[in-house]
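Here the structure is laid out as structure tokens; the discussion comes afterwards.
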Amino acid sequence: MGEGPINMLCTVPSPPQPQYRRMGWSRITCSGLPRWSNQGGRGTWKPETASNGAMAIFSVYVVNKAGGLIYQLDNYAPRAEAEKTFSYPLDLLLKLHDERVLVAFGQRDGIRVGHAVLSINGVDVNGKYTADGKEVLEYLGNPANYPVSIRFGRPRLTSNEKLMLASMFHSLFAIGSQLSPELGSSGIEMLETDTFKLHCFQTLTGIKFVVLADPRQGGIDSLLRKIYEIYSDFALKNPFYSLEMPIRCELFDQNLKLALEVAEKAGTFGPGS
């Protein structure tokens, strides 16, 4: 999520009452009802309008009705990275956490606590080892290896973490449906932060299509339905595909990437795209 303040907003058929305005969560919109936002300032509510700016679509997730991740695509990953040459001793405290070497103390020159070591002297780092088999902490603890160039950045999500996050969102979706002040709400349709928006479309059979995009990216509702169409054509009609199982289909990949490319260039994904 973003680093700035975030708010929660549920959709209601008229401007929300004070008790719905600030609840300490990201803004959440539930489906089937008009959307309202406080863009006019505190105490002023007006219908939310979508931006038509053509920006970036970060990733796509497909979650089955049991909460299992059956497909995931990283389309674009903006990375805040910093590379610096260090002399011995290293003036950052590095620790091993979840099989990654992370910065535990010492922020400087764009390097932040929580950033992971991504490469050493141009050699990529995978977990706690470099691509050529060196143990990172052991290598950086040897004065003979200095000066050394280290690239830091936000750690990449592992496959297990993506599975866990998909399952967590599935649960939050169900909780959102239960907490909605309106009967018949299907759950979370949009979750907004200052750096991205999460858009979700759930089919009648319980399959969820989730798109993470730049907040200014328009046409995501149409894109979600286009992804559903691609899923129907290239996964469900595939005689070798089993329902609720991971999607491994080259035609599905190709058509999904094409749809994302069209959506990014157009800013919207309207009829006939």
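Just so we're on the same page, my numbering is the position in the sequence shown counted from 1, plus 597. In this text, a Cβ means the ideal position worked out from N, Cα and C, and glycines have one as well. Since the model is a prediction, treat every value here as computed from it, not as a measurement.
### Task
Consult DSSP for M787 and reduce its assignment to one of helix, strand or coil.
For the purposes of this step, residue 787 is taken as residue 190 along the sequence shown, with counting starting at 1. If DSSP states are grouped into helix, strand and coil, M787 belongs with the strands.
### Message
Only counting the same chain, and skipping five residues up and downstream in sequence, which positions put a Cβ closer than 7 Å to that of E858?
### Response
Sequence index remark: in the sequence shown, residue 858 carries index 261 (1-based). Hits under 7 Å: none found.
#### Entry: Residue environment, K805, which counts as buried when at least 16 other CB atoms sit within 10 Å
By one-based count along the sequence shown, residue 805 stands at place 208. Buried: at least 16 other Cβ atoms inside 10 Å.
### Task
Grab me the residues of A810's own chain with a C-beta within less than 8 Å of its C-beta, minus the 5 sequence neighbours each way, in chain order.
For the purposes of this step, residue 810 is identified with residue 213 of the sequence shown, where counting begins at 1. Excluding residues within five positions, the ones whose Cβ falls inside 8 Å are M652, A653, I654, F655, F793, K794, H796 and I817.
### DSSP state of S611 mapped onto helix, strand, coil
In the sequence shown, counting from the first residue as 1, residue 611 sits at position 14. Any reading at S611 must be qualified, since the residue scores a pLDDT of 38, below 50, and its modelled position is unreliable; no value is offered.
### Task
Please report how far the alpha carbon of G730 lies from the alpha carbon of N852, in whole angstroms.
Walking along the sequence shown from the start, residue 730 turns up at place 133. Walking along the sequence shown from the start, residue 852 turns up at place 255. When rounded, the distance between both Cα atoms is 37 Å.
### Query
Taking buried to mean at least 16 other C-beta atoms within 10 Å of its own C-beta, is N723 buried or exposed?
Taking the sequence shown and counting its residues from 1, one reaches residue 723 at position 126. Exposed, because fewer than 16 other Cβ atoms sit within 10 Å of the Cβ of N723.
### Query
For the region 836 to 845 against the region 660 to 670, are there 3 or more C-beta pairs whose distance is under 8 Å?
yes
### Query
Taking one C-beta from the region 734 to 746 and one from the region 772 to 791 each time, how about it: are there three or more such pairs within less than 8 Å?
no
### Query
Which word fits R739, buried or exposed, when buried means at least 16 other C-beta atoms lie within 10 angstroms of its C-beta?
Within the sequence shown, residue 739 is the residue found at index 142, counting from 1. The amino acid occupying residue 739 in the given sequence is Asn; Arg does not appear at that position. Exposed.
### Query
Straight-line CA distance for Q814 to P752?
Taking the first residue of the sequence shown as 1, we reach residue 814 at position 217. Taking the first residue of the sequence shown as 1, we reach residue 752 at position 155. Their backbone Cα atoms lie some 25 Å apart in a straight line.
### Query
Hey, G750 and E678: beta-carbon distance below 7 Å or not?
Here residue 750 refers to the residue found at position 153 when the sequence shown is read from its first residue. Here residue 678 refers to the residue found at position 81 when the sequence shown is read from its first residue. Taking 7 Å as the Cβ cut-off, G750 and E678 qualify as a contacting pair.
### Query
Distance, Cα to Cα, K681 vs R709?
Taking the sequence shown and counting its residues from 1, the one referred to as residue 681 is at position 84. Taking the sequence shown and counting its residues from 1, the one referred to as residue 709 is at position 112. In a straight line, the C-alpha of K681 is about 13 Å away from that of R709.
### Message
Checking 7 Å against the spacing of the C-beta atoms, do V660 and A763 come in under that value?
### Response
In the sequence shown, residue 660 corresponds to position 63, counting from 1. In the sequence shown, residue 763 corresponds to position 166, counting from 1. Yes, Cβ-Cβ distance for V660 and A763 is below 7 Å.
### A713: first and last residue of the uninterrupted beta strand (DSSP E) it sits in
Indexing the sequence shown from 1 puts residue 713 at position 116. Unbroken beta strand (DSSP E) run through A713: A713 to I717.
### Query
What separation, rounded to the nearest whole angstrom, lies between the Cα atoms of G703 and N672?
Start at 1 with the first residue of the sequence shown, and residue 703 comes out as number 106. Start at 1 with the first residue of the sequence shown, and residue 672 comes out as number 75. Roughly 32 Å separates the two Cα atoms.
#### Entry: Burial state of G707 (16 or more Cβ within 10 Å)
Here residue 707 is taken as the residue at index 110 of the sequence shown, counted from 1. G707 comes out exposed.
### Query
Counting along the chain, where does the beta strand (DSSP E) carrying Q799 start and finish?
As a first step, residue 799 must be located in the sequence shown, where it is residue number 202. First-last of the beta strand (DSSP E) with Q799: K794 to Q799.
### Burial state of G784, where buried means 16 or more other Cβ atoms lie within 10 Å
To locate residue 784, count along the sequence shown from 1; it is residue 187. With 16 or more other Cβ atoms within 10 Å, it is buried.
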